[in-house]
Amino acid sequence: MNYQPLIERWQGTEMNAWAERLPEQLAKGLSHQRYGDLARWLEALAALPNLEVGERTLNTSRVGATGTEALSVEAHDQLRQTLMGLHPWRKGPFELFDVHIDTEWRSDWKWERLAESIAPLTGRRVLDVGCGSGYHCWRMAGAGAREVIGIDPTPLFIVQFWALQKYLLQDHVWVVPAGIEDVPAALKAFDTVFSMGVLYHRRSPMDHLIELRDCLRPGGELVLETLVIEGEAGEVLVPEGRYARMGNVWFLPSCATLEGWLRKVGFVNPQVIDVSNTSTDEQRSTDWMTFHSLANFLDPEDPSKSIEGYPAPRRAIVTANAPGKWQPL
Ligand SMILES: Nc1ncnc2c1ncn2[C@@H]1O[C@H](C[S@+](CC[C@H]([NH3+])C(=O)[O-])CC(=O)[O-])[C@@H](O)[C@H]1O
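In the numbering used here, the protein residues as written are 362 to 690.
What follows is the structure in structure tokens.
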């Protein structure tokens, strides 16, 4: 997990402030003292076999790599077992040398819902906040982005990213162990910023939107995906306890409320590009994520409700622009 090339790439550019902070963030975000399982995950990473890659696919549903020739049964099993050592795999799917990593989420479905409705990523510098193991980061690179930086504070996902990167070898795709609060203030360096599945985890949604705005270059595009409720402008659900078994869920606005929040903090032209109920086909337990999943988080008598009696998960994707005129890099 060598971040030195990224630091060198950023030095002396508009990313310099982050280059200076990154060593400290890495030490904190990948600390063996804080994360007891890290040593085991790093062992799995080191045990991945060296395999010759024939083709890499970044712009299809199953992101991954194929070999120049079929793997032996033993090599296939070794790869599968080693990758299984990084359980749970939540975001995907991936396919490495015929090993299909059937993740908890069909993240490709989310990508399909937004890909045609966002500003083309060609040549853009992109930030993906809360990127997990980086599934969407590779899709962004596959769509032509010049540089993709994912951030996620969960160290297992960082190790999963490096496991995939061993075979995908993209020098313009990085996942950094950091939260949005670790991005230097007012960086204004990204052409497109994605925040998907993060806003409802933030105690202060307005502050999150402001942080996202301040990552963007003038006129840059925000792609925001979050849980919403049906309702009018001004309506918002703040679940008192858990929501769909998640403990850290704060604000679920209606789409109209969310658009109002975006305008209030200075975004222009908010557009709802998709609203979908999450199905138990999209989020489910698999061999690669054996814990409970959405089906266990819904009311067994009435799947239109969460197990706590709130409306079942429904997600909206909204785009909006930072103020100003966007110019290509
Ligand atoms: N402060 C933080 N800053 C950044 N990320 C955070 C923070 N706190 C938690 N996360 C990370 O945000 C991700 C949220 S999942 C969305 C994944 C992907 N985007 C998806 O849209 O499929 C939720 C979902 O399943 O919807 C997790 O990987 C956390 O570690």
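Don't be surprised by glycine CBs; every beta carbon is placed ideally from N, CA and C.
Fair warning: this is a prediction, and the values are worked out from it, not measured in the lab.
Continuous alpha helix (DSSP H) stretch holding I519: start and end: P516 to L529
According to DSSP, is F628 part of a helix, a strand, or is it coil? The answer is coil: DSSP assigns F628 none of H, G, I, E or B.
Less than 8 Å separating the Cβ of T680 from some heavy atom of ligand 1? Incorrect: T680 has no Cβ contact closer than 8 Å to ligand 1.
Whose C-beta lies closer than 8 Å to the C-beta of H533 among residues of the same chain, with five residues either side of it excluded? If the five residues before and after H533 are omitted, its C-beta is found closer than 8 Å to the C-beta atoms of A502, A506, R507, E508 and V509, all from its own chain and listed in chain order.
Identified DSSP bridge partners for D663: D660
Please report the residue range of the beta strand (DSSP E) in which P579 lies. L577 to L588
In terms of residues, what are the limits of the alpha helix (DSSP H) holding D469? S468 to L475
Looking only at its chain, what residues have a beta carbon closer than 7 Å to the beta carbon of L406, apart from the 5 residues adjacent to it on each side? So the qualifying residues of the chain are V520, W523 and A524.
Can you give me the start and stop residues for the beta strand (DSSP E) that E456 sits inside? For E456, the uninterrupted beta strand (DSSP E) segment begins and ends at F455 to L457.
Host beta strand (DSSP E) of G511 (start-end): E508 to I512
Once the 5 residues before and after E572 are set aside, which same chain residues still bring their CB inside 6 Å of it? Excluding residues within five positions, the ones whose Cβ falls inside 6 Å are I541.
Reference E643, options A656, P631 and L560, closest by Cα: A656
Going by CA-CA distance only, name the one from N411, P410 and G425 that's closest to R417. In terms of CA proximity to R417, G425 leads the group N411, P410 and G425.
beta-carbon Y364 near ligand 2 non-hydrogen atom, thresh 8 Å: Judged by which ligands are present, ligand 2 is missing from the structure shown, whose ligands are ligand 1.
Which residues in the same chain as Y671 place their Cβ atom closer than 7 Å to its Cβ, once the five residues preceding and following it in sequence are excluded? L598, P600 and Y604
Could you say which of P366, R485, C498 and P516 lies nearest to R395 if we only look at CA atoms? P516
Taking the Cβ atom as the reference point for each residue, do G428 and F458 lie within a distance shorter than 9 Å? By the CB criterion at 9 Å, G428 and F458 fall inside the cutoff.
Backbone secondary structure at M650 - three-state DSSP: strand
For a test of the three-state rule: what should DSSP assign to M376, helix, strand or coil? coil
Could you please give me the residues that DSSP links to T680 through a beta bridge? V584 and Q632
How should S665 be labelled, buried or exposed, when 16 other C-beta atoms within 10 angstroms of its C-beta is the threshold for buried? exposed
So, under 8 Å CB-CB, A380 and I368 are touching, yes? Tell me the CB distance rounded to an integer number of Å. 5 Å
Taking just the CA atoms, how far does V537 sit from L444? 20 Å
Can you give me the Cβ contacts of P631 inside the same chain, cut-off strictly under 8 Å, excluding the 5 residues immediately before and after it? Excluding residues within five positions, the ones whose Cβ falls inside 8 Å are L619, E620, L623, R624, V679, T680 and A681.
Cβ distance (whole Å) where A550 is taken to contact M362 below 8 Å: Contact between A550 and M362 fails: their C-beta atoms lie close to 23 Å from each other, not under 8 Å.
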